[in-house]
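Visitor: Residue numbers (our numbering), protein chains in the order written: chain A, 1 to 213; chain B, 214 to 426. Supplied in structure tokens, the structure appears directly below.
Written as structure tokens, this is what we have:
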């Protein structure tokens with residue numbers, strides 16, 4: 001679903017967005033930022049954001065589409081994460097590891113990658129940690145977790161380990177630009193890191209007892 | 214070796230560091246920051262830093278100790294990385310994976326951890342990427358690389374993969390504070406991530422051909 005533009009029903013004035021529209025859009029973004037930061041993604045409703053912003057919920061949907069798209073707008077995510085997440089939904093569980101690494105590299109190495117790096121730096125350097133946490137935990141990781149959860153293992157630690165591996169790959173490849181990782185081709189990284197991600201998701205991940213001397 | 218204090222020979226004035234001393238110290242730090250950023254760690258000499266700062270090389274050693282300690286002062290590293298690196302030197306290669314994970318967790322989870330997190334956020338969010346790269350590549354990773362390099366494999370990609378894993382663990386555990394990783398006990402992380410680091414260092418890390426469909 002593509003977010004609807006604010007000028008879908010009312011023609012935009014030649015000099016840009018009408019002040020009233022622009023004001024409402026900004027108010028919604030500001031309210032959403034506070035709600036998402038304080039309550040996370042799941043517990044934030046479009047209705048609550050609309051109330052905080054003093055607008056009708058329909059206007060929130062009108063400007064931003066789904067709640068996930070509203071979140072993406074708040075963190076200024078340069079691509080719709082839904083595209084990558086859908087590719088992950090479609091793949092059989094034994095191929096999740098390689099698919100995840102390949103899908104993320106595809107986005108990071110694309111023209112949209114620069115925007116993602118800028119976002120990561122802003123989030124880490126600035127004060128948007130709560131938003132980063134909500135994005136990773138409730139949007140990205142939860143989507144993978146439901147694929148691997150069993151009655152014995154809810155998979156929370158497993159997807160956390162994947163986040164620890166992949167966030168470090170983003171950091172070293174795109175932010176710090178560490179030579180051997182920055183210039184490694186995607187196939188090499190899929191071959192080396194894919195099996196790690198697969199092990200974290202479905203393999204033997206050891207136990208504290210086994211690791212003690 | 215502990216860095217010598219600036220007041221080792223001349224008693225400090227009761228109101229604080231003497232203006233002349235403080236000025237030289239700041240000049241050295243400023244010159245070192247520029248050299249390390251532009252030329253990396255290896256190619257920067259104490260002599261060149263001293264020349265840039267307009268002081269005698271002996272004064273650089275006097276204030277900061279070794280070149281590595283000067284670097285640690287430039288990036289405001291809260292602990293002497295040498296302590297951790299020496300623990301890594303001492304361990305047999307087949308135990309490097311677990312040892313690395315345990316040694317880094319020990320520092321990050323210690324009272325000095327807050328300073329390391331602050332440094333990581335400052336480096337990533339700000340413009341100190343070149344310093345972060347020099348620190349990782351030339352100080353930390355090089356020290357591990359010489360342990361695992363063989364005539365067939367210089368180990369550069371291998372230590373890069375370890376950096377990608379461990380920087381992501383720091384990011385998720387201490388910076389983003391992602392629930393399952395933030396609260397996992399050290400033993401669990403050593404048991405789950407140790408084998409990954411060991412595989413990256415000495416195991417089968419796959420090849421692009423093997424990963425292609």
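No residue lacks a Cβ here, since even glycine has one placed at the ideal position from N, Cα and C. None of the values given here were measured: they were computed from a predicted structure.
Assign residue 137/A to one of three DSSP states: helix, strand, or coil.
Guide: helix
Visitor: For the segment 36-72 of chain A, list the alpha helix (DSSP H) runs that are entirely contained and at least 4 residues long, ordered along the chain.
Guide: 46-53, 57-64
Visitor: Does the segment 358-366 of chain B come close enough to the segment 189-204 of chain A to have 3 or more Cβ pairs within less than 8 Å?
Guide: no
Visitor: Is the distance from the Cβ of residue 315/B to the Cβ of residue 399/B below 8 Å?
Guide: yes
Visitor: Measuring CB to CB, does residue 254/B end up less than 8 Å from residue 347/B?
Guide: yes
Visitor: State yes or no: is the beta carbon of residue 193/A nearer than 8 Å to at least one beta carbon in chain B?
Guide: yes
Visitor: Run through chain B and tell me which residues come within less than 9 Å of residue 177/A, C-beta to C-beta.
Guide: 342, 346
Visitor: Output yes if chain B places a C-beta closer than 8 Å to the C-beta of residue 106/A; else output no.
Guide: no
Visitor: Given this structure, state the Cα-to-Cα distance separating residue 194/A from residue 267/B, to the nearest angstrom.
Guide: 51 Å
Visitor: Return the residue from the list 83/A, 56/A, 36/A, 95/A that minimises the CA-CA distance to residue 106/A.
Guide: 83/A
Visitor: Here's the rule I'm using: 16 or more other beta-carbon atoms within 10 Å means buried, otherwise exposed. How should residue 299/B be labelled?
Guide: Per the 10 Å Cβ criterion, exposed.
Visitor: Let's test the definition: count the other Cβ atoms within 10 Å of the Cβ of residue 1/A and tell me whether it reaches 16, buried, or not, exposed.
Guide: For residue 1/A, the predicted structure reports a pLDDT of 42, less than 50, and the residue's modelled location is therefore unreliable. The matter cannot be settled from this model.
Visitor: What number of angstroms, rounded off, separates the C-alpha of residue 410/B from the C-alpha of residue 378/B?
Guide: Residue 410/B and residue 378/B have their C-alpha atoms some 7 Å from each other.
Visitor: Can you pull the chain A neighbours of residue 379/B, defined as C-beta to C-beta under 8 Å?
Guide: 168
Visitor: What first and last residue would you give for the alpha helix (DSSP H) that runs through residue 331/B?
Guide: Residue 331/B -> alpha helix (DSSP H) spans 326-338.
Visitor: Decide yes or no for the touch test of the segment 112-128 of chain A against the segment 155-162 of chain A: beta carbon pairs closer than 8 Å, at least 3 of them.
Guide: no
Visitor: Between residue 393/B and chain A, is there a C-beta pair that is closer than 8 Å?
Guide: yes
Visitor: List the residues of chain B that residue 237/A touches, going by C-beta distances under 7 Å, in chain order.
Guide: Here chain A has residues from 1 to 213 only, and residue 237/A is not among them.
Visitor: With 16 as the cutoff for other CB atoms within 10 Å, does residue 167/A come out buried or exposed?
Guide: buried
Visitor: Rounded to whole angstroms, what's the CA-CA distance from residue 330/B to residue 339/B? Just pull it up for me.
Guide: 14 Å
Visitor: Here's the rule I'm using: 16 or more other beta-carbon atoms within 10 Å means buried, otherwise exposed. How should residue 183/A be labelled?
Guide: exposed
Visitor: Can you tell which of 417/B, 412/B, 419/B has its C-alpha closest to the C-alpha of residue 428/B?
Guide: With chain B represented from 214 up to 426, any question about residue 428/B goes unanswered, as that position is not in the structure.
Visitor: Residue 196/A touches chain B at which residues, Cβ-Cβ below 7 Å?
Guide: 409
Visitor: Using 8 Å as the limit for Cβ to Cβ distance, is residue 385/B near chain A?
Guide: Yes - at least one Cβ of chain A is within 8 Å of the one on residue 385/B.
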